[in-house]
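Reviewing the structure listed below.
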Amino acid sequence: MPRPVKRALPLFALCAAVLALGACGSSNNDSGAGATVDNGAGGQRGGTLTLLTSQDIQSLDPGITYGSLDLNLLSSAVRTLYAYAPDNPTDIQPDLAASPPQVSPDGKTLTVRIRSGVRFGPPVNREVTSRDVKYAIERGFNPNVANPYASTYYGDVVGAARATGGPIAGIKTPDDQTIVFELTRPTASLLAQATVLPLSAPVPPEYAKPFDAKSPSTYGNHLVSSGPYMIPADRDGDVLGNGYVPGRSLRLVRNPNWSAATDDRPAYLNEVDFRIGGSTTVSGRQVLAGDGLVLGDSPTPPLVKKAYQTARDQIFFSPGAGSRYAALNTAIPPFDDANLRKAVAAALDREQMRRIRGGKIVGDIASHFLYPGVLGFEEAGGLEGTGVDFLANPEGDRALAERYMRAAGYADGRYTGDETLQVVGLAGAPDSNDAQILDQTLQDLGFKTQLKLVDVSVMYGRFCGVPRARVHVCPNLGWIRDFADPQTVLNPAFNGEFIFPENNPNWPQLNDPAINRAMARAELTVGDQARADAWGAIDRQVTATGAAIPWLYDRQPNVFSADVRCVPELWNQGHCDLAYTSLK
Amino acid sequence: MAAYVLRRVLWGLVLLVLVSLLTFVVFYVLPSADPAQLRAGRNASPATLAQIRENLGLDRPMTAQYWTFLSQLAFHANLGYSYFSQASVGSLLVDRLPATISLTLGAIVIWVLVAVPLGVVAATRRGTWVDKLTTGGALLGISAPVYWLGLVALYLFADDIGIWPLFPGAGSYVPFTDDPWQWFTSLILPWIVLASTFTAVYARLLRGNMIEVLSEDYVRTARAKGLSERRVVWRHGLRAAVTPLVTLAGLDIGLLLGGAVLTEAVFGIPGIGQLNYQAIVHADYPLIQGTVLLAACFVIVANIFVDVAYAYLDPRVRTS
Amino acid sequence: MSAGADVALCVEDLRVGFDTRDGLVQAVDGISYAVAPGRTLGIVGESGSGKTVAAMTAMGLTRGLRTRVSGRVLLDGEDLLAASPARLQELRGDAIAMVFQDPLSALHPLLRVGDQIEEAVRAHRGGASRAVARARALELLELVAIPNAAQRIGAYPHELSGGMRQRAMIAMALANEPRVLIADEPTTALDVTVQAQILALLRRLRDELGMAMVLITHDLGVVAETADEIAVMYAGRIVEQAPAAELFAHPQHPYTWGLLRSVPRLDAPVGAELVPIPGRPPSLIDPPSGCRFHPRCPYVRERHRTVDPALEPLAARPEHGVACLLPEAERQAIWSGLTKGASAR
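Here the protein sequences line up with chains A, B and C, keeping their order. All letters in the first sequence, in the order written, are residues 1 to 584 by my numbering. All letters in the second sequence, in the order written, are residues 1 to 320 by my numbering. All letters in the third sequence, in the order written, are residues 1 to 345 by my numbering.
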């Protein structure tokens with residue numbers, strides 16, 4: 001499921017100077033300045049990479065976690081059915097699977113063949129079978145695991161609706177190397193894409209069941225590897241105090257049972273050390289100046305500037321890192337009026353929003369909600385946009401804004417109503433700066449506003465994600481996709497079915513029956529291209545409502561030491577892929 | 001005296017219960033992250049969210065949750081399990097405590113060794129350059145934010161990012177038992193940075209107290225007795241001037257043992273302060289409760305100790 | 001007064017001024033006196049007369065950047081004012097000692113009484129062991145008649161009564177058998193009965209140890225019994241000086257008259273009023289012209305406003321000195337009149 005744009009924020013972000021990093025190449029899938037996309041071929045074997053991160057990983061359990069750093073770690077320790085190559089974030093590649101997914105013509109059956117010769121690491125040590133994948137998915141429905149996206153993507157599997165951790169009839173394993181998913185609706189294409197998420201990584205049932213019986217499950221601290229690397233553990237597989245000290249450190253070493261013949265990953269490094277804690281400001285400097293270091297946090301703006309100016313090949317701007325947009329609450333006045341929404345969109349200077357974050361280098365101006373790397377992006381209009389007039393000019397169009405205000409009934413082009421807008425944004429530069437720009441834009445249109453800047457969890461948890469809170473504008477929202485299928489970006493964010501009283505993902509509370517119907521149909525569309533077309537059209541429709549104002553297609557900067565040949569995961573915020581990266 | 005200490009300890013326990021209750025209430029009432037939401041992610045279905053809540057025991061009524069916590073602590077000495085990492089809170093605290101203690105004790109040594117002579121000399125040589133330097137330096141020490149000072153120290157002296165690489169950089173802390181030399185060198189900059197504010201405050205305080213004390217009648221008597229100036233200043237003057245500082249130091253030590261968050265963050269020292277901060281970020285309530293109680297414990301013990309010490313230092317207090 | 005071979009302390013034309021923001025405060029403006037061993041000089045005056053400053057200066061306790069001192073203070077012939085800090089330290093507490101006014105603030109509150117006395121001993125008997133010093137401290141406490149000395153030696157000052165404290169301070173001052181003891185208002189902080197005891201103690205010690213004693217007070221009653229000779233100070237000067245009996249019998253200076261008449265007496269008639277001296281002590285930065293007492297003197301003449309009288313001996317009794325421009329005969333007449341009940345004109 002889509003994650004909000006929330007890379008580990010620096011511990012104490014210093015007041016960021018306004019950066020004005022000059023122009024440089026900015027085509028959509030090209031990283032522009034800095035280090036380039038890499039497929040990892042020809043790297044040197046050996047060495048230890050150290051990853052500095054101020055925030056701990058959320059969980060080692062592939063059935064629970066999916067934060068970007070966690071995905072980065074898990075992608076080198078466990079193998080999902082399908083995965084993305086670091087340099088191709090759009091097309092899934094077989095990983096644990098031996099061949100591309102077979103989707104039946106009616107879209108209700110998905111068949112995957114699994115490679116032979118893939119073995120679990122210690123202490124399980126045996127070959128991986130299809131039953132391990134079956135159990136991995138079934139345990140997602142166990143309340144002790146409570147996987148957040150299991151019901152979303154695997155919910156159509158026969159028997160999943162009533163599953164509570166026991167066997168699911170719709171997942172069949174005719175033999176050790178074959179797994180078949182039978183679905184109640186034709187969503188097999190989506191399911192194939194969804195297997196890139198960690199839930200499909202095999203979990204040995206005989207080993208894991210005792211841990212899954214505890215509430216909450218303790219399997220995470222007893223993770224068994226199926227990939228090139230593992231976390232050192234004791235004889236019972238307990239990583240706590242061995243390879244993992246919560247809040248302090250984590251080590252990845254080679255999995256002795258991994259066989260290079262079964263894997264496309266080169267796995268050059270001998271070891272990866274996570275150093276957890278400390279301050280991003282200091283860690284960033286250490287990474288730039290040191291050897292064998294990689295920064296796991298989002299670098300602070302001053303660091304980005306310093307790296308870009310003095311060590312350009314030590315910074316990589318990963319495209320397709322997510323989209324940023326401002327949501328307008330369509331459920332309550334005044335933004336239940338589409339003309340007012342379009343007026344705000346027309347008035348907003350999106351170039352300024354980008355400039356305050358560092359300029360062209362940090363991404364492209366967004367004009368709709370699917371972003372580069374996601375299927376359907378081009379179908380929705382690509383970088384040129386969908387053609388709506390209120391998003392045509394990235395610097396904003398005051399005259400057009402006023403015309404929309406007049407269309408809404410305000411003859412002077414300025415709001416004269418009673419509502420005081422509640423605007424809730426993020427504290428800390430540069431997000432707070434963006435919130436203030438939007439706040440100012442609203443005031444220029446005559447709105448009275450009350451701006452609150454809060455911590456990211458509070459913003460989602462108590463304000464923007466809670467309809468009861470009656471927040472009118474949320475400037476600092478955004479999405480990171482779960483995988484390349486456009487449904488993960490558009491469906492929860494704009495489908496009327498997804499308006500919840502709390503943890504609400506449909507922040508604008510858009511509930512347009514035509515759009516809802518179109519989404520319901522597109523959900524069941526089979527075939528990647530057909531889905532791209534269907535969702536691309538929906539993207540255009542959603543954009544036209546003005547319910548949210550897209551303003552940036554993010555490029556996530558990553559920094560690493562000079563002697564690190566980082567192979568960025570374009571599908572995952574540009575983190576250096578631990579199984580492809582090498583030391584020079 | 002024994003009865004007095006016992007009374008204070010019992011009252012301290014009551015205070016700890018109150019602190020834990022306050023933490024509990026603050027956590028649930030004030031706008032902050034919801035641990036279930038953090039784990040679930042932004043658009044878990046309501047059903048999944050409810051399941052995670054149940055997992056973490058968050059769906060039970062608040063009084064039941066609080067009672068479970070209290071009884072676990074009182075009868076089983078169990079502080080619970082971290083939501084985030086499922087490690088026991090007690091083990092996490094024990095793991096982090098040595099680093100915080102190392103940091104605190106070293107800083108104390110430095111600030112006492114520097115502040116006392118500075119304060120005395122500044123008082124006895126009022127108006128001279130030593131006095132002006134102390135007062136000016138004190139102003140800098142008090143105003144400079146610890147975090148900034150730490151960054152500056154690293155940018156100047158860290159061996160990985162500093163201009164004059166003299167000391168190990170951030171994140172190089174190791175426990176004493178692993179490598180005493182590295183433990184020591186990695187703590188030098190943090191000690192100095194942490195001590196700087198306190199040194200400044202205490203030097204100024206001592207200077208003020210000393211100036212006052214040196215104009216007291218009993219100091220005049222000491223001089224009239226023909227005692228050496230050194231004895232007059234240190235044995236008669238300092239002895240009287242230092243008492244308030246000792247009580248203040250006791251309180252400051254108690255507070256620091258609860259974790260010097262900023263210093264630990266800048267230098268990447270895995271202490272209680274950082275643990276507390278990460279717990280808050282993750283809305284890891286059991287861990288927050290654990291670190292807060294630990295800090296409260298230290299403060300309470302420090303207070304008791306300080307009161308006893310004060311009675312020992314100033315005999316006039318004993319009779320009351 | 002003459003400086004003889006048997007004079008323990010001799011003060012010659014001592015002047016002490018303090019530089020303040022408002023100007024130079026001339027606290028002591030040329031006083032001279034001498035005290036022989038075994039004799040007591042009482043210095044009497046109101047607050048601001050300079051009596052305490054003179055004593056402190058003798059001990060070297062007023063040395064500082066803003067203090068201007070001139071004159072000589074001879075202790076057995078050695079000028080204390082010219083002594084080096086090291087020499088001064090040797091002499092203080094040893095050859096010359098001082099007892100202060102309020103023993104509660106003059107004793108260190110955080111150190112035991114016994115320790116403070118020991119300290120005084122060990123500072124000057126170089127090499128005295130703790131045991132020896134301890135024994136001496138005990139001896140001293142018994143000397144000053146503190147009951148239960150063996151227990152009291154371990155007490156803190158606040159644990160003793162006012163009288164005990166003062167005795168302890170006296171013990172401390174006597175630790176090294178000083179030649180000269182200066183007692184600055186030793187009884188002011190005590191109640192009357194204790195006062196008498198302390199004064200008796202001081203008299204006894206003076207006799208036993210043969211010290212020269214300077215007793216500073218504002219209270220004529222105190223010096224009446226204890227002093228052999230009395231000097232009356234006003235505005236930094238000695239205005240009258242005489243043997244005690246002589247002073248009380250034949251006071252010469254109008255200020256002295258004022259002091260005597262303002263002392264309550266048991267043998268005064270019931271209903272008789274006390275006669276205060278009108279006015280206030282003068283400014284020491286800008287003293288009155290001529291006779292310093294003239295603004296408050298009931299017998300002032302025109303000449304008194306311009307001419308400053310010097311301290312001069314009486315013709316008939318040279319041991320009695322007075323600084324007044326009134327003729328002697330006239331003074332005697334006025335005093336007889338006053339003692340017979342006539343009020344001051």
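Glycine included, each C-beta is placed from N, C-alpha and C at the ideal position. As the structure is a computational prediction, the values presented were derived from the model and not from experiment.
- With contacts defined as CB atoms closer than 8 Å, A:Pro202 and A:Asp132 qualify as a contacting pair.
- Residue environment: A:Trp258 is assigned as buried (16 or more neighbouring CB atoms within 10 Å of its CB, all protein chains considered).
- In the structure shown, the three-state DSSP call for A:Lys448 is strand.
- Taking C-beta atoms as the reference points, A:Gly381 and A:Pro301 fail to come closer than 8 Å.
- A:Asn329 and A:Leu442 have their alpha carbons spaced roughly 14 Å apart.
- For C:Leu61, the C-beta contacts it makes with chain B under 7 Å involve Arg220, Arg223, Ala224, in order along the chain.
- Under a criterion of Cβ atoms nearer than 8 Å, no residue of chain B is adjacent to A:Ser323; the nearest Cβ is some 14 Å distant.
- Rounded to the nearest whole angstrom, the C-alpha separation of A:Leu451 and A:Leu477 is 15 Å.
- Minimum Cα-Cα distance from A:Phe390 among the listed residues A:Glu271, A:Gln314, A:Gly546, A:Phe483 corresponds to A:Gly546.
- Contact annotation: in the segment 433 to 453 of chain A, no residue has its CB less than 7 Å from a CB in chain B.
- For B:Gly250, no chain A residue has a C-beta closer than 7 Å to its own C-beta; the minimum C-beta separation is roughly 29 Å.
- When C-alpha distances from C:Asp184 are compared across C:Gly77, C:Pro103, C:Thr20, C:Leu88, the shortest belongs to C:Pro103.
- For B:Tyr28, the closest of B:Thr135, B:Pro61, B:Ile52, B:Pro46 by C-alpha to C-alpha distance is B:Pro61.
- Taken in chain order, the members of the segment 38 to 55 of chain B whose beta-carbon sits within less than 8 Å of a beta-carbon on chain A are Leu38, Arg39, Ala40, Gly41, Arg42, Asn43, Ala44, Ser45, Pro46, Ala47, Thr48, Leu49, Gln51, Ile52, Glu54, Asn55.
- Take C:Pro318, set aside five residues on each side of it, and no residue of its chain has a beta-carbon closer than 6 Å to its own.
- Contact with chain B is found for C:Met98, since one of that chain's Cβ atoms lies less than 8 Å from the residue's Cβ.
- Looking at the DSSP output, B:Trp67 sits in no beta bridge, so it has no partner there.
- For C:Gly93, the chain B residues whose Cβ falls inside 7 Å of its Cβ are Ala224, Lys225, Gly226, in order along the chain.
- Distances from the alpha-carbon of C:Ala231 to those of C:Ala224, C:Glu240, C:Glu225, C:Glu78 put C:Glu240 closest.
- Going by DSSP, C:Arg206 is part of the alpha helix (DSSP H) stretching over 192 to 209.
- According to the DSSP assignment, C:Glu119 belongs to the alpha helix (DSSP H) that extends over 113 to 124.
- Among the residues of chain C, those whose CB is under 8 Å from the CB of B:Glu216 are Ser105, following chain order.
- Under a 10 Å Cβ-count criterion, A:Lys134 is classified as buried, with 16 or more other Cβ atoms of the shown protein chains found around its own Cβ.
- At least one C-beta of chain B is nearer than 8 Å to the C-beta of A:Leu240.
- Per the coordinates, the alpha-carbon of C:Asp228 lies some 22 Å from the alpha-carbon of C:Pro254.
- A residue is called buried once 16 or more other Cβ atoms fall within 10 Å of its Cβ, and A:Asp434 is buried on that count.
- Taken through DSSP and simplified to helix, strand or coil, C:Ala242 comes out as strand.
- Rounded to the nearest whole angstrom, the C-alpha separation of A:Leu52 and A:Asn242 is 19 Å.
- Here C:Leu338 is actually not in contact with C:Arg265; their C-beta atoms are around 14 Å apart, not less than 8 Å.
- Residue environment for B:Leu293: buried (at least 16 other C-beta atoms within 10 angstroms of its C-beta).
- Each residue's CA atom was taken as its position, placing C:Leu174 and B:Gly150 some 58 Å apart.
- Across the segment 251 to 265 of chain B, CB contacts with chain A closer than 7 Å involve Ala265, in sequence order along the chain.
- Residues of the segment 305 to 319 of chain B with a Cβ closer than 8 Å to any Cβ of chain C, in chain order: Leu313, Asp314, Pro315, Arg316, Thr319.
- By DSSP's assignment, A:Met230 forms a beta bridge with A:Val253.
- Residue-level contact by beta carbon holds for B:Ala240 and chain C, with a gap shorter than 8 Å.
- Judged by their CB atoms, A:Ala484 and A:Val567 are not nearer to each other than the 8 Å cut-off.
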